[in-house]
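Line by line, the protein sequences are chains A and B. Under my numbering, residues 3 to 209 are what the first sequence spells out, in order. Under my numbering, residues 3 to 209 are what the second sequence spells out, in order. Glycine residues also receive a C-beta, built at the ideal position from the N, C-alpha and C atoms. In what follows, a structure is listed as structure tokens, so that the remarks can point back to it.
There are 2 protein chains.
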Amino acid sequence: TISEGTIHRLSLYSRLLATLEEEGTTVVSSRDLSERINFPATQIRRDLAYFGQFGKRGIGYEVCALGRSINEILGVHVRRRIALVGVGNLGSALLGYRVLREHNFEIVAAFDNDARKWDRVINNVVIHNPDRLPQIVECEQIEIGIIAVPPQAAQNVLDVFVLAGVRSILNFAPARLSAPRRIKLRNVDFSIELERLSYFLQHECDT
Amino acid sequence: TISEGTIHRLSLYSRLLATLEEEGTTVVSSRDLSERINFPATQIRRDLAYFGQFGKRGIGYEVCALGRSINEILGVHVRRRIALVGVGNLGSALLGYRVLREHNFEIVAAFDNDARKWDRVINNVVIHNPDRLPQIVECEQIEIGIIAVPPQAAQNVLDVFVLAGVRSILNFAPARLSAPRRIKLRNVDFSIELERLSYFLQHECDT
Ligand SMILES: NC(=O)c1ccc[n+]([C@@H]2O[C@H](COP(=O)([O-])OP(=O)(O)OC[C@H]3O[C@@H](n4cnc5c(N)ncnc54)[C@H](O)[C@@H]3O)[C@@H](O)[C@H]2O)c1
Ligand SMILES: NC(=O)c1ccc[n+]([C@@H]2O[C@H](COP(=O)([O-])OP(=O)(O)OC[C@H]3O[C@@H](n4cnc5c(N)ncnc54)[C@H](O)[C@@H]3O)[C@@H](O)[C@H]2O)c1
């Protein structure tokens, strides 16, 4: 099975190739790629070969074609419809995050158990009563659920998503959630990003 | 130089060891660790050995001691003081994120160029006029800056942080920023996390 690290690199390659395309570059070698994203060229070639992408000897990879292939591998050539539960500070920030559309992600429905928020529209997304989630997941063909509620409510929200047929979930709440094996659950925690900075600060003087 | 992947794994080990400690586990083998976080035991042993952490043959690692060592390597045994610029939806969510304190991160000052927000207090953090940033960075000994402003303002905010002497920066704005080599800049983009889910959805039927 493919590692989480490999999938992460695919996202980085995808973004780099999109940038190269904007810059008008048509061909790129693994070495050029390596210099721009700071991974060994051997790693890049191995990743791409794993997915059946091979450069032309002495030339490299075609930027457009490779970018398209990687996006299809990532599944971002398909519009992914998302339901968001919890429209507080974080949820509102996610609703306003334009980058999602650029990668073919669209939050099509939002839910909050604060009745004062029902029927409000933020960035063209209506906020609904959570009772309506199962029905809306079905008719909106939602494949991804985002959990942005307080930690004590998160497991309950996950259970509702699973029952409604949502197959993948991004959780922001600091709670250890349990989900059936067939569901892909990913937890997000910015403090991990801060620890990268902390590591740098701790070892700054060594370099 | 150490890879970003290794630092990321250190954060995962740190969290797992904290959990094991809470559960009352005193000794753990690389194999036990491997089963809980889904990395090969060989990788875990290699990472730990790189940092001078060796288990006892036939026994494993002492949970408390290893956890402490890893936290010192990550530099989270030191309270890291943070300044946040941009107290909109995302910034407000970050101010309310209690997990930061648990990992010894503290947002001690916030800044926003919306004058109506000045002197407001959110979670014990005062929101200041950005003009005061250099002075506050110095007297508050701030080592980490967080950028949570709209993309067109982000480079400017980074430049102010750098001038003020902040050495590491976490940027949430979707903008390609340039920073001096000595500054550690990390960009956060949730759409990458969503692409992990998209990959899963795309290949679900293969598994
Ligand atoms: N992963 C990270 O790095 C990170 C960063 C910041 C915040 N967070 C977490 O994200 C979550 C949201 O943070 P926030 O600052 O937006 O909080 P918030 O209090 O502003 O928003 C929470 C929203 O969820 C709604 N809600 C509560 N229970 C609900 C339920 N059962 N069903 C539907 N809606 C419900 C509330 O009405 C509110 O609108 C928290 O768990 C917080 O800890 C995570
Ligand atoms: N990385 C991610 O995955 C992710 C997710 C959501 C949002 N975002 C980004 O985070 C940023 C903030 O999003 P938001 O929803 O909180 O936006 P927002 O509009 O709610 O908040 C922006 C805040 O920044 C302040 N501001 C603007 N220019 C400033 C300046 N020059 N100096 C100081 N303060 C300034 C505004 O007054 C406002 O309070 C945006 O760039 C958004 O694209 C990133």
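Please state the DSSP three-state secondary structure of Gly-62 (chain A). Stepping through the first sequence from its first residue, residue 62 (chain A) is reached at position 60. Strand, per DSSP.
Are the C-beta of Asn-91 (chain B) and some C-beta of chain A separated by less than 8 Å?
For this step, residue 91 (chain B) is matched to residue 89 along the second sequence. At least one chain A Cβ lies under 8 Å of Asn-91 (chain B).
From Glu-37 (chain B) to Glu-140 (chain B), what does the alpha carbon distance come to, in whole angstroms? If you number the second sequence from 1, residue 37 (chain B) lands on position 35. If you number the second sequence from 1, residue 140 (chain B) lands on position 138. Glu-37 (chain B) and Glu-140 (chain B): Cα-Cα distance of roughly 45 Å.
Checklist entry - Where does Ile-148 (chain B) fall in DSSP's three states? => result Along the second sequence, read from residue 1 onward, the residue named residue 148 (chain B) stands at position 146. Three-state DSSP puts Ile-148 (chain B) in a strand.
Rounded to whole angstroms, how far is the Cβ of Ser-13 (chain A) from the Cβ of Leu-203 (chain B), which I believe are closer than 8 Å? As a first step, residue 13 (chain A) is located in the first sequence; it is residue number 11 there, counting from the start. As a first step, residue 203 (chain B) is located in the second sequence; it is residue number 201 there, counting from the start. Ser-13 (chain A) to Leu-203 (chain B), Cβ: 14 Å. No contact.
*Within chain B, partners of Glu-142 (chain A) - CB distance below 9 Å*: On the first sequence, position 140 is the one that residue 142 (chain A) refers to. Neighbours of Glu-142 (chain A) on chain B: none; closest Cβ ~15 Å, over 9 Å.
### Query
How big is the Cα-Cα spacing for Val-29 (chain B) and Leu-68 (chain B)?
In the second sequence, residue 29 (chain B) corresponds to position 27, counting from 1. In the second sequence, residue 68 (chain B) corresponds to position 66, counting from 1. One C-alpha to the other measures close to 10 Å.
Which chain A residues sit within Cβ distance under 7 Å of Phe-53 (chain B)? For the purposes of this step, residue 53 (chain B) is taken as the residue at position 51 of the second sequence. The contacting residues do not exist; Phe-53 (chain B) stays about 11 Å from chain A at best.
Query raised in the report: Taking 8 Å as the CB-CB limit, is Glu-197 (chain A) close to chain B?
Result: Reading the first sequence from its first residue, position 195 is the one you call residue 197 (chain A). So yes, Glu-197 (chain A) belongs to the interface.
Can you confirm whether the region 100-110 of chain B touches the region 74-87 of chain B when touching is taken to mean that 3 or more C-beta pairs between the two stretches lie within less than 8 Å?
Touching, per the Cβ criterion.
Point to revise | Burial state of Leu-165 (chain A), where buried means 16 or more other Cβ atoms lie within 10 Å | key: Taking the first sequence and counting its residues from 1, one reaches residue 165 (chain A) at position 163. Leu-165 (chain A) comes out exposed.
By Cβ distance, which residues of its chain are closer than 8 Å to Gln-154 (chain A), with the 5 residues on each side in sequence left out?
-> The residue you call residue 154 (chain A) lines up with position 152 of the first sequence. Correct list, in chain order: Ala-177.
Exercise for review: Report buried or exposed for Phe-174 (chain B), applying the criterion of at least 16 other Cβ atoms within 10 angstroms of its Cβ.
Suggested key: Translated into the one-based positions of the second sequence, residue 174 (chain B) becomes position 172. Phe-174 (chain B) comes out buried.
Using 8 Å as the threshold, is the C-beta distance between Ala-117 (chain A) and Val-127 (chain A) below it? The residue given as residue 117 (chain A) occupies position 115 in the first sequence. The residue given as residue 127 (chain A) occupies position 125 in the first sequence. Not a contact, by the Cβ cut-off of 8 Å.
Review point. Is Asn-158 (chain B) near ligand 2, with its Cβ less than 7 Å from a heavy atom?
Key: Position 156 of the second sequence, counted from the first residue, corresponds to residue 158 (chain B). Yes, the beta carbon of Asn-158 (chain B) sits closer than 7 Å to at least one heavy atom of ligand 2.
Requested in this report: Just the chain B side, please: which residues come within less than 9 Å of Ala-95 (chain A) by C-beta, in chain order?
Outcome: Walking along the first sequence from the start, residue 95 (chain A) turns up at place 93. Ordered by position in chain B, the residues that pass the 9 Å Cβ test against Ala-95 (chain A) are Gly-90, Asn-91, Leu-92, Gly-93, Ser-94, Ala-95, Ala-150, Phe-174.
**Report entry** For Lys-186 (chain B), the residue or residues it bridges with in DSSP
**Finding:** As a first step, residue 186 (chain B) is located in the second sequence; it is residue number 184 there, counting from the start. The partner list for Lys-186 (chain B) (beta bridge, DSSP) reads B:Ser-170.
Q. Is there at least one non-hydrogen atom of ligand 2 closer than 7 Å to the beta-carbon of Pro-176 (chain B)?
A. In the second sequence, counting from the first residue as 1, residue 176 (chain B) sits at position 174. Within the cutoff, so yes.
query: How about the region 9-26 of chain B and the region 38-51 of chain B: do they share at least three Cβ pairs that are nearer than 8 Å?
result: yes
| message | Please return the same chain residues whose Cβ sits closer than 6 Å to the Cβ of Leu-35 (chain B), not counting the five positions on each side in sequence. | response | Here residue 35 (chain B) is taken as the residue at index 33 of the second sequence, counted from 1. So the qualifying residues of the chain are Ile-46.
Could you work out which residues of chain B lie near Phe-202 (chain A), taking near to mean beta carbons separated by less than 7 Å?
Numbered from its first residue, the first sequence carries residue 202 (chain A) at position 200. Contact of Phe-202 (chain A) with chain B by beta-carbon distance below 7 Å involves Ser-170, Lys-186.
inquiry  = Which of the three DSSP states is assigned to Val-89 (chain B) in this structure?
reply    = The residue you call residue 89 (chain B) lines up with position 87 of the second sequence. Correct three-state label for Val-89 (chain B): coil.
Self-check item: Rounded C-alpha distance that separates Ser-180 (chain B) from Gln-157 (chain B)
Solution: If you number the second sequence from 1, residue 180 (chain B) lands on position 178. If you number the second sequence from 1, residue 157 (chain B) lands on position 155. Cα to Cα, Ser-180 (chain B) sits roughly 7 Å from Gln-157 (chain B).
Under 8 Å, Cβ to Cβ, is there at least one residue of chain B near Phe-56 (chain A)? Taking the first sequence and counting its residues from 1, one reaches residue 56 (chain A) at position 54. The C-beta of Phe-56 (chain A) comes no closer than 8 Å to any C-beta of chain B.
Requested in this report: Could you give the DSSP three-state label for Ala-177 (chain A): helix, strand or coil?
Outcome: For the purposes of this step, residue 177 (chain A) is taken as the residue at position 175 of the first sequence. Coil.
Next on the checklist: Measuring only the C-alpha atoms, how far is Arg-100 (chain B) from Val-190 (chain A)?
Outcome noted: Taking the second sequence and counting its residues from 1, one reaches residue 100 (chain B) at position 98. Taking the first sequence and counting its residues from 1, one reaches residue 190 (chain A) at position 188. The alpha-carbon atoms of Arg-100 (chain B) and Val-190 (chain A) are separated by roughly 14 Å.
Please determine whether the Cβ atom of Pro-132 (chain B) lies at a distance below 7 Å from any heavy atom of ligand 2. For the purposes of this step, residue 132 (chain B) is taken as residue 130 along the second sequence, with counting starting at 1. It does: the Cβ of Pro-132 (chain B) is within 7 Å (strictly closer) of some heavy atom of ligand 2.
_Looking at the secondary structure, which residues open and close the alpha helix (DSSP H) in which His-10 (chain B) lies?_
Along the second sequence, read from residue 1 onward, the residue named residue 10 (chain B) stands at position 8. Looking at the DSSP string, the run of the alpha helix (DSSP H) that includes His-10 (chain B) is 6-25.
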